[in-house]
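First up is the structure itself, then whatever we jot down about it.
In my numbering, the protein residues as written are 9 to 331.
Spelled out as structure tokens, the structure:
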């Protein structure tokens with residue numbers, strides 16, 4: 009079984025390696041941040057809430073204290089920094105990118121688009137998009153495009169999109185121009201989620217063609233149903249307890265720990281076995297094993313349509329016009 013201990017360790021005194029992890033304060037994002045820190049990386053924690061991010065920092069420092077003694081002698085700690093990001097507003101994403109560029113980093117070696125939501129009821133963001141499509145796809149798409157100049161400045165840069173096996177639940181044509189706010193929500197919420205996660209795979213594939221020297225990968229990290237993403241369902245009145253029992257049984261049979269969710273992402277992010285020349289645009293699953301996504305996800309006609317629709321929407325709102 010793969011573990012992050014197999015990945016290369018950096019010495020920040022000799023080489024400054026900069027990573028951005030969105031949603032870094034909890035779940036998969038927290039453990040990805042922890043391991044990058046233990047591997048000597050400078051990690052920018054892109055989060056909505058400073059207080060939660062700083063609390064996560066303290067937990068990382070404490071956890072690192074206990075783990076360092078079991079790491080190789082050449083392992084050195086990195087650095088943790090907070091940066092505010094709200095993916096549900098285009099204006100906030102644009103502000104985040106502009107303020108990050110003022111911090112003086114000359115390059116970004118790694119961008120992990122991890123933050124997201126799952127199976128929410130229909131809701132429109134301030135920009136007029138379904139909350140799942142906006143948070144899981146449009147926001148990360150804009151952030152990635154705005155930061156690409158700094159990513160391209162790095163030596164061997166990588167972009168990792170945290171997708172999901174839930175992309176198999178997408179609608180047949182993966183039409184992001186439709187909201188699919190239909191009855192019953194208990195079914196259509198998963199279609200909207202599937203569309204957003206298929207869009208992650210599409211974005212990685214098109215990026216691999218448009219920017220072939222940047223390694224772009226999408227990842228299904230595995231099943232772990234207690235990361236907080238399903239709180240909406242478990243908190244429902246009367247029937248929430250039923251979902252709790254179902255999720256517990258499902259997780260016991262198919263699940264991995266929350267920390268193990270991060271392993272596929274870390275392998276995609278750091279392993280020297282993956283290169284832009286031979287692996288660009290690929291899809292990985294639990295523990296970083298290469299796999300084939302759904303037919304809709306690997307359909308390049310659909311992928312280009314997703315890309316162009318998203319680009320046109322952002323242009324309509326006044327973004328990417330000069331990028």
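Ideal placement from N, C-alpha and C gives every residue a C-beta, glycine not left out.
Look up residue 121 in the DSSP assignment and say whether it is helix, strand or coil.
-> When secondary structure is reduced to three states using DSSP, residue 121 falls in the strand class.
Based on the DSSP secondary-structure assignment, which residues constitute the bridge partners of residue 87?
-> 50
Quick one, which of 27, 36 and 75 has its alpha-carbon nearest residue 268's?
-> 36
What is the C-beta distance between residue 381 and residue 68, in whole angstroms, given that I count them as a contact (C-beta under 8 Å)?
-> This structure leaves residue 381 out entirely; the chain is present only between 9 and 331.
So what's residue 24 in DSSP terms, helix, strand or just coil?
-> coil
By Cβ distance below 6 Å, which residues in the same chain neighbour residue 44 in space, the five residues on each side in sequence not counted?
-> 27 and 51
Rounded to a whole number of angstroms, what is the C-alpha to C-alpha distance between residue 308 and residue 30?
-> Roughly 27 Å separates the two Cα atoms.
Thinking just about the alpha-carbon of each residue, which of 91, 282, 92 and 65 is nearest to the one in residue 85?
-> 65
Coil, strand or helix - residue 11 by DSSP = coil
In or out: residue 296 buried (at least 16 other Cβ within 10 Å) or exposed?
-> buried
Nearest residue (CA-CA) to residue 329, options 154, 272, 264 and 182 = For the residues 154, 272, 264 and 182, the minimum Cα distance to residue 329 belongs to 154.
In chain order, what residues of the same chain have a beta carbon less than 6 Å from the beta carbon of residue 4, not counting five sequence neighbours either side?
-> What the structure shows of the chain is the stretch from 9 to 331, and residue 4 is not part of that stretch, so it cannot be assessed.
Which class does residue 4 belong to by DSSP, given the choice of helix, strand or coil?
-> As shown, the chain starts at 9 and ends at 331. That puts residue 4 outside it, with no answer to give.
Specify, as a first and last residue, the run of the beta strand (DSSP E) that residue 277 falls within.
-> Run containing residue 277: none in the beta strand (DSSP E); it sits in the alpha helix (DSSP H), 266-278.
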